[in-house]
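Protein chains in written order, with my numbering: chain A, 16 to 309; chain B, 24 to 325. The beta carbon of each residue, even a glycine, is placed where N, CA and C say it ideally should be. All remarks here apply to the structure that follows.
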């Protein structure tokens, strides 16, 4: 507001600025430095140059396995979750009865999903004699060894994330509901079918939201911890040993802070590169209203 | 309908009738499909939770005996034994500990994020662009990269095994997402009332307290609710920072009970799981409108 001291806004921002410096910027820089050191908490960090990274990429088979599993996890979970969330949101967007009931029912798992209690429940559901296997047998299928087989174990963790599609769905639904109905009327007068209406009108208009969900879900999926920690403990054969688990154990079990920081930085760089790619590519597929491009 | 009866051309009429009927049939088929999909998905969403609650009242021998959720011989022994825990403390003690983390965290978040959002939305000052960019950057910054130095920082401050590392960063507007959400909300509110108050001689602090905060209340409620949920569900934070059992929040206590409970006492663990998610569930059903609005307004992680 005019007449005020031009630094007045900064007074209101002061908690944020202090917090940003102390709890984010400083740790961020320190983390980068630590990743070039050998530091076990007992003595001061010793600068070792690229040793940690050299070891990671040449000698550490656990890291390679963990990195691979993390990428597989993220690249299956995120697309599946977004596609499913969008599919359900499109159905809910028709004028249906009980829409509030369904929306709530679908959203509840997202509220609870991060809880340890839900991970515990997952362990029971997918146990050898759990209700998932009972249901499979009920419809005449073979029971599955969910936690004993490497592929299945990772899939079980993925399912836990898919089960929490609700928050992405609510965001999609809000975007769908904000689309101007006259566009659909115009399309139907022009004789456009349902599929082509969806593809040429709905999809372009919700690309900003798809983009937002994609980034958020990806950053999150790369940091998945509770699920594998509680449900599978990273096993069997490290098949669910995601990088956050590895970082946690290196840092807080073996207290190898330097090495753990190096792993964290590899993870960070991967997330950053993918985010930059997403932002860069968004020019080609994300549509913003008022944009001159066709 | 009158046109219909008087229509001289019966063939056209019948054709129109046929098309209408076909359209109707298609509508019924697609409605059935939609409700079918929604019901099926709803079942997959809710049945695990219903089963969880039902199974927590079953006897241990019954839990894996069938897929139904209704216990044949209902028993509260899971709750009774679970509540006692294998530690010197009851589960209530761990709930109280969680409360001691949640309360300062919510209050600190609400106050700091309001002030910061007000600063961003209503003032011009040097460095504003860069600071706002930093807010977006922290939004995308994975915690994993700052976690280790933060731990070292809190160790040097002597904060290990206390609740301070769990809530103090949030009291410095550390959750960029909430600041962002409140800024978006504030930008959509017209400034007329604030300007009128300024003309009448109120200072910015009074404007914030008596005009902006009341207008911001719905958004603030969303912020508090999300912070409540996330803190209740937080596991990694306490796992890293809290080491003595008497300070454990429920998430750690539940993990402890999995590790220490006899392998066959399933109902005890399930009962404690139900209790663990109960507060979040109750709060959600009491205030779900704020969740849906909050999440739709800003988009949310989860």
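Nearest to residue 253/A by CA position, among 202/A, 167/A, 205/A, is which residue?
On the first chain, residue 253/A is found 238 positions in, with the first residue counted as 1. With distances taken between Cα atoms, residue 253/A lies closest to 167/A.
Counting along the chain, where does the alpha helix (DSSP H) carrying residue 262/A start and finish?
Position 247 of the first chain, counted from the start, is the residue given in the question as residue 262/A. Element bounds for residue 262/A: 258-267.
In the structure shown, what three-state DSSP assignment does residue 110/B receive?
Here residue 110/B corresponds to residue number 87 of the second chain, with the count starting at 1. If DSSP states are grouped into helix, strand and coil, residue 110/B belongs with coil.
Among 129/A, 44/A, 51/A, 26/A, which has the Cα closest to the Cα of residue 255/B?
Within the second chain, numbered from 1, the residue matching residue 255/B stands at position 232. If we check each option's Cα against that of residue 255/B, 129/A comes out closest.
Pick helix, strand or coil for residue 105/A, following the three-state DSSP scheme.
The count along the first chain starts at 1 and reaches residue 105/A at position 90. In this structure, DSSP gives residue 105/A a helical state, which the three-state scheme calls helix.
Fully enclosed by the stretch 97-160 of chain A, which alpha helix (DSSP H) runs are 4 residues long or longer?
If we require 4 residues or more, the alpha helix (DSSP H) runs fully inside the stretch 97-160 of chain A come out as 114-127, 131-140, 146-153.
Can the beta-carbon of residue 187/A be found closer than 7 angstroms to that of residue 161/A?
Numbered from 1 along the first chain, position 172 holds the residue referred to as residue 187/A. Numbered from 1 along the first chain, position 146 holds the residue referred to as residue 161/A. One thing to note: residue 187/A has its Cβ no nearer than 7 angstroms to the Cβ of residue 161/A.
Mind listing the chain A neighbours of residue 299/B? Cutoff is C-beta to C-beta under 8 angstroms, in chain order.
Locating residue 299/B in the second chain gives position 276, counting from the first residue. Within chain A, the residues near residue 299/B are 130, 131, 132.
To the nearest angstrom, report how far apart residue 268/B and residue 276/B are at their CA atoms.
Counted from its first residue, the second chain places residue 268/B at position 245. Counted from its first residue, the second chain places residue 276/B at position 253. The alpha-carbon atoms of residue 268/B and residue 276/B are separated by roughly 8 angstroms.
Which complete alpha helix (DSSP H) runs does the stretch 208-238 of chain B hold, if anything under 4 residues is left out?
215-222, 227-230
Please compile the residues from chain A whose C-beta is within a distance smaller than 9 angstroms of the C-beta of residue 107/B.
The residue given as residue 107/B occupies position 84 in the second chain. Simply none; closest approach about 18 angstroms.
Out of 218/B, 140/B, 97/B, 240/B, point me to the one whose CA is closest to residue 200/B's CA.
In the second chain, counting from the first residue as 1, residue 200/B sits at position 177. Residue 140/B is the option with its Cα nearest to residue 200/B.
For the stretch 232-262 of chain A, which residues have a CB atom closer than 9 angstroms to at least one CB atom of chain B, in sequence order?
232, 234, 235, 237, 238, 240, 241, 244, 245, 258, 259, 262
Would residue 278/A pass as a contact of residue 262/A if the rule is Cβ separation under 7 angstroms?
Numbered from 1 along the first chain, position 263 holds the residue referred to as residue 278/A. Numbered from 1 along the first chain, position 247 holds the residue referred to as residue 262/A. Going by C-beta atoms, residue 278/A is nearer than 7 angstroms to residue 262/A.
Checking 7 angstroms against the spacing of the C-beta atoms, do residue 273/B and residue 108/B come in under that value?
For the purposes of this step, residue 273/B is taken as residue 250 along the second chain, with counting starting at 1. For the purposes of this step, residue 108/B is taken as residue 85 along the second chain, with counting starting at 1. No Cβ-Cβ contact shorter than 7 angstroms links residue 273/B with residue 108/B.
So the alpha helix (DSSP H) residue 198/A belongs to, where does it begin and stop?
For the purposes of this step, residue 198/A is taken as the residue at position 183 of the first chain. Taken as a continuous stretch (DSSP letters only), the alpha helix (DSSP H) holding residue 198/A covers 196-204.
Among 55/A, 138/A, 39/A, 298/A, which one has its Cα closest to the Cα of residue 248/A?
Position 233 of the first chain, counted from the start, is the residue given in the question as residue 248/A. Selected option, being the one with the closest Cα: 138/A.
Quick one: which residues of the stretch 140-161 of chain B get their C-beta closer than 8 angstroms to a C-beta of chain A? List them in chain order.
141, 142, 143, 145, 146, 147, 148, 149, 150, 151, 154, 157, 158, 161
Are there 16 or more other CB atoms within 10 angstroms of the CB of residue 55/B, so buried, or fewer, so exposed?
Taking the first residue of the second chain as 1, we reach residue 55/B at position 32. Classification for residue 55/B: exposed.
Just checking, does the stretch 256-275 of chain A make contact with the stretch 199-211 of chain A on the three C-beta pairs under 8 angstroms criterion?
no
May I ask you to check if the CB of residue 108/B is nearer than 6 angstroms to at least one heavy atom of the ligand ADP?
In the structure on display, the ligand ADP does not appear, and there are no ligands present to speak of.
Looking only at DSSP bridge pairs, what is residue 53/A linked to?
Stepping through the first chain from its first residue, residue 53/A is reached at position 38. Looking at the DSSP assignment, residue 53/A forms a beta bridge with 61/A.
Do residue 251/A and residue 196/B have their C-beta atoms within less than 7 angstroms of each other?
Along the first chain, one-based indexing puts residue 251/A at 236. Along the second chain, one-based indexing puts residue 196/B at 173. No. Outside cutoff.
Assuming residue 4/B and residue 205/B make a contact with CB atoms under 8 angstroms, what is their CB distance in whole Å?
Lying before the first or after the last residue shown, residue 4/B is absent from chain B, which here runs from 24 to 325.
Residue 185/A to residue 129/B, Cα distance in whole Å?
Along the first chain, one-based indexing puts residue 185/A at 170. Along the second chain, one-based indexing puts residue 129/B at 106. Their backbone Cα atoms lie some 24 angstroms apart in a straight line.
In the DSSP assignment, the alpha helix (DSSP H) including residue 299/A goes from what residue to what residue?
Taking the first chain and counting its residues from 1, the one referred to as residue 299/A is at position 284. Here the alpha helix (DSSP H) through residue 299/A covers 272-300.
How about residue 265/A and residue 256/A: are their beta carbons less than 7 angstroms apart?
The residue labelled residue 265/A in the question sits at position 250 within the first chain. The residue labelled residue 256/A in the question sits at position 241 within the first chain. Contact: no.
Relative to the alpha-carbon of residue 172/A, which residue among 36/A, 227/A, 53/A, 243/A has its alpha-carbon at the smallest distance?
Taking the first chain and counting its residues from 1, one reaches residue 172/A at position 157. Selected option, being the one with the closest Cα: 243/A.
Going by Cα to Cα distance, which pick from 50/A, 302/A, 118/A, 36/A is closest to residue 168/B?
Here the question's residue 168/B lines up with position 145 in the second chain. Ranking the options by Cα distance to residue 168/B, first place goes to 50/A.
Does DSSP put residue 179/A in a helix, a strand or coil?
The residue labelled residue 179/A in the question sits at position 164 within the first chain. DSSP places residue 179/A in coil when its eight states are reduced to three.
Leaving out the 5 sequence neighbours to the left and right, which residues in its chain are closer than 8 angstroms to residue 122/A when beta-carbon positions are compared?
Counting from one through the first chain, the residue named residue 122/A turns up at place 107. Closer than 8 angstroms at the Cβ level, and outside the excluded window around residue 122/A, lie 181, 182, 184, 185.
With a floor of 4 residues, list each alpha helix (DSSP H) that falls wholly inside the stretch 87-170 of chain B, ordered by position along the chain.
100-107, 114-145, 151-163
Can you list, in chain order, the residues of the stretch 123-139 of chain B whose Cβ is nearer than 8 angstroms to any Cβ on chain A?
135, 138, 139
Are residue 132/B and residue 193/B close, meaning C-beta to C-beta below 7 angstroms?
Locating residue 132/B in the second chain gives position 109, counting from the first residue. Locating residue 193/B in the second chain gives position 170, counting from the first residue. In this structure, residue 193/B lies closer than 7 angstroms to residue 132/B by Cβ.
Can you grab the Cα-Cα spacing for the pair residue 178/A / residue 116/A, in whole Å?
For the purposes of this step, residue 178/A is taken as residue 163 along the first chain, with counting starting at 1. For the purposes of this step, residue 116/A is taken as residue 101 along the first chain, with counting starting at 1. When rounded, the distance between both Cα atoms is 17 angstroms.
Taking the alpha carbon of residue 134/B as the point to measure from, which residue in 41/B, 311/B, 190/B has its own alpha carbon closest?
Within the second chain, the letter at position 111 stands for residue 134/B. Considering only alpha carbons, the answer is 190/B.
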